[in-house]
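**Q**
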Amino acid sequence: MSTADASPAAPEPLPPGSAARPAGAEPSDGLSVDPATGPGLLDVLGVAGVVLDAQGRITLWSPQAAELFGYTAGDALGQFAADLIVDEQNLALVLSLFEEVMTGSGSWAGAFPVRHKDGTTRLVEFRNMRLEDSEGRRYALGIASDQATVRRVERDLALSMRLVAQSPIGLAVLDTELRYVLVNPALERINGLPAAEHMGRRVHEALPHVDTESIEAAMREVLSTGRPQLNRFTTGRTPADPDEDHAWSLSLYRLDDPAGRPLGVAASIVDVTEQHKTSMAVALARQRLALIADASVRIGTTLDLGVTARELGDIAVPQLADLATVDILDAVLTGDHQPGAPADETVRFRALAVKAARPTPATLAVDPVGSIARYDTTRVVTQCVRAARPVLVARVTEADLPSVARDAAAAALLAAAGLHSYLAVPLIARGEVIGALGLLRTDNPLPFDDDDVLLASELAARAAVCIDNAR
Numbered sequence: 265m266s267t268a269d270a271s272p273a274a275p276e277p278l279p280p281g282s283a284a285r286p287a288g289a290e291p292s293d294g295l296s297v298d299p300a301t302g303p304g305l306l307d308v309l310g311v312a313g314v315v316l317d318a319q320g321r322i323t324l325w326s327p328q329a330a331e332l333f334g335y336t337a338g339d340a341l342g343q344f345a346a347d348l349i350v351d352e353q354n355l356a357l358v359l360s361l362f363e364e365v366m367t368g369s370g371s372w373a374g375a376f377p378v379r380h381k382d383g384t385t386r387l388v389e390f391r392n393m394r395l396e397d398s399e400g401r402r403y404a405l406g407i408a409s410d411q412a413t414v415r416r417v418e419r420d421l422a423l424s425m426r427l428v429a430q431s432p433i434g435l436a437v438l439d440t441e442l443r444y445v446l447v448n449p450a451l452e453r454i455n456g457l458p459a460a461e462h463m464g465r466r467v468h469e470a471l472p473h474v475d476t477e478s479i480e481a482a483m484r485e486v487l488s489t490g491r492p493q494l495n496r497f498t499t500g501r502t503p504a505d506p507d508e509d510h511a512w513s514l515s516l517y518r519l520d521d522p523a524g525r526p527l528g529v530a531a532s533i534v535d536v537t538e539q540h541k542t543s544m545a546v547a548l549a550r551q552r553l554a555l556i557a558d559a560s561v562r563i564g565t566t567l568d569l570g571v572t573a574r575e576l577g578d579i580a581v582p583q584l585a586d587l588a589t590v591d592i593l594d595a596v597l598t599g600d601h602q603p604g605a606p607a608d609e610t611v612r613f614r615a616l617a618v619k620a621a622r623p624t625p626a627t628l629a630v631d632p633v634g635s636i637a638r639y640d641t642t643r644v645v646t647q648c649v650r651a652a653r654p655v656l657v658a659r660v661t662e663a664d665l666p667s668v669a670r671d672a673a674a675a676a677l678l679a680a681a682g683l684h685s686y687l688a689v690p691l692i693a694r695g696e697v698i699g700a701l702g703l704l705r706t707d708n709p710l711p712f713d714d715d716d717v718l719l720a721s722e723l724a725a726r727a728a729v730c731i732d733n734a735r
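Per my numbering, residue 265 is the first one in the sequence shown, and the count goes up by one each step.
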């Protein structure tokens, strides 16, 4: 880049077909150009390209160089770069750096003050490297960007990365094939999977126990239309908590490149399990109040004992149970009933009603209407009427079946029906136990809980008075 020597020879043009390339590199035929490509990161940076010959003359000058330095190609070509854009006090350093690139390491990177055509000085980020053509002639390629622009882009990228990494909201980016390309730490925690186990997989592959069919359908629609979908509600289980259902609010929007072509879909995920539980609890409380109100109207419409028992079953199924049985102490009907808990080891029950949400083997396992059965204290229903309080078997195991079923054959039928939760509630009228309400869950996946016990007790209390009046 020196101007002190005698005027060097004019730069020789590159031979046809001998495009300059980095030293030691071979030509490539793999170049492809997409005319539809819009502005990208290099355009944002305003990356300029300049090529100098071995003497430091400018032989190639890109339009971006004209924007960065203020000189047109006509101003710059054939000029010594040092004379054109370097202040006198920096000339010696520039020449030594140029020498290092051309004869030494072959590259240099850093920031350097340059002189703009308007007379101002600005810091420019350079990446300089040596090129060599097929005949061994050397050139210097300088790639340059305004340092302020580079720092702004670096800051924006860093902020974007920290925003994604530190966000308490789960964030993900999926490509146009709906495969994960990015997940943030918050989503790793939500899903219970490290980022590496998301990458390259679709949602249904990473999270098989979530409603992925509707999620992926929504993603395809967003990708196709470009219209965001906000606050979609979904539930399911992830490896983070495989034994409990969670609820999430999911928002989807399309990511486009600067030319407007879809890059993929971005997703934000917020765990709303607690809010969902609260809203479900409120809805359930309203449903239970409505059920109690309904029971006060529908139970006891006649003085027929069997009708009243069936009305209780109709209220309990399917709102509270998949199968309900109403049994009365046979002694109550025969007049042999004595106040106080039964003293015998066994208790005789007469079946008044059986109500099922649908036909299952469980309906064959319970006592037929009108039959009389005698059960000892190993039976849950006997324990219920003796203690005059509800007995809950929240999660029925194989070992529990003999205490629920009338015999081994009935136990097998209940197991085949999928019985998983059982509740027996005493029917108490005027302070005395007169029978029991049995509730079974086979289809409803939730076990009976304390709230169910309270609701069943309320229904049983209302029905017991009506049954007592009917008898």
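Every residue, glycine too, gets a C-beta built ideally from N, C-alpha and C.
For E331, which of helix, strand or coil comes out of DSSP?
**A** Here E331 sits in helix by DSSP.
**Q** Excluding the 5 residues preceding and the 5 following L341 in the sequence, name in chain order all residues of the same chain whose CB lies nearer than 6 Å to its CB.
**A** Within the same chain, L341 has close Cβ partners I322, W325.
**Q** So what does M591 bridge to, in DSSP terms?
**A** The residue asked about is misnamed: residue 591 is Asp in this sequence, not Met. Paired residues: A615, A700.
**Q** L569 to C730, Cα distance in whole Å?
**A** Rounded to the nearest angstrom, the two C-alpha atoms are 8 Å apart.
**Q** Where are the alpha helix (DSSP H) runs, 4 residues long or more, that stay fully inside the region 651-677, in chain order?
**A** You should have 665-668.
**Q** According to the Cβ coordinates, are L613 and A651 closer than 7 Å?
**A** With the sequence shown as reference, residue 613 is identified as Phe, and Leu is not the correct amino acid for it. No, the Cβ-Cβ distance between F613 and A651 is not below 7 Å.
**Q** V660 and A700 - do their beta-carbons sit closer together than 7 Å?
**A** It is not a contact, given that the beta carbons lie outside the stated cut-off.
**Q** According to DSSP, is L683 helix, strand or coil?
**A** L683: coil per DSSP, three-state reduction.
**Q** How far does the alpha helix (DSSP H) with H510 in it reach, from first residue to last?
**A** H510 -> not in any alpha helix (DSSP H); beta strand (DSSP E) instead, spanning 510-520.
**Q** Should P690 go down as buried or exposed, given a rule of 16 or more other Cβ atoms within 10 Å for buried?
**A** That one is buried.
**Q** Let's see if you can read the secondary structure: which residues bound the alpha helix (DSSP H) around F362?
**A** Taken as a continuous stretch (DSSP letters only), the alpha helix (DSSP H) holding F362 covers 355-367.
**Q** Please return the same chain residues whose Cβ sits closer than 6 Å to the Cβ of L427, not counting the five positions on each side in sequence.
**A** Closer than 6 Å at the Cβ level, and outside the excluded window around L427, lies no residue.
**Q** Any contact between the region 436-445 and the region 458-475? By contact I mean 3 or more CB pairs, one from each, below 8 Å.
**A** Yes, the region 436-445 touches the region 458-475.
**Q** If distances are taken between C-alpha atoms only, which option among R670, R643, A585 comes closest to H684?
**A** Among R670, R643, A585, the Cα nearest to that of H684 is on A585.
**Q** Would you identify the three-state DSSP class for S543, choosing helix, strand or coil?
**A** DSSP places S543 in helix when its eight states are reduced to three.
**Q** By alpha-carbon positions, which one of E352, L665, A337 ends up nearest to P377?
**A** Nearest of E352, L665, A337 to P377, Cα basis: E352.
**Q** Buried or exposed: which applies to N455, given that a residue is buried once 16 or more other Cβ atoms fall within 10 Å of its Cβ?
**A** It is buried - the Cβ of N455 has at least 16 other Cβ atoms within 10 Å.
**Q** Mind checking if L665 is an interface residue toward chain D, Cβ cutoff 7 Å exclusive?
**A** Of the protein chains in this structure there is only one, and it is not chain D.
**Q** Please report the straight-line C-alpha distance between V581 and D509, rounded to a whole angstrom.
**A** Their Cα atoms are separated by approximately 25 Å.
**Q** Would you check if the region 665-682 and the region 710-719 touch, i.e. whether three or more CB-CB distances between them fall below 8 Å?
**A** No, the region 710-719 is not in contact with the region 665-682.
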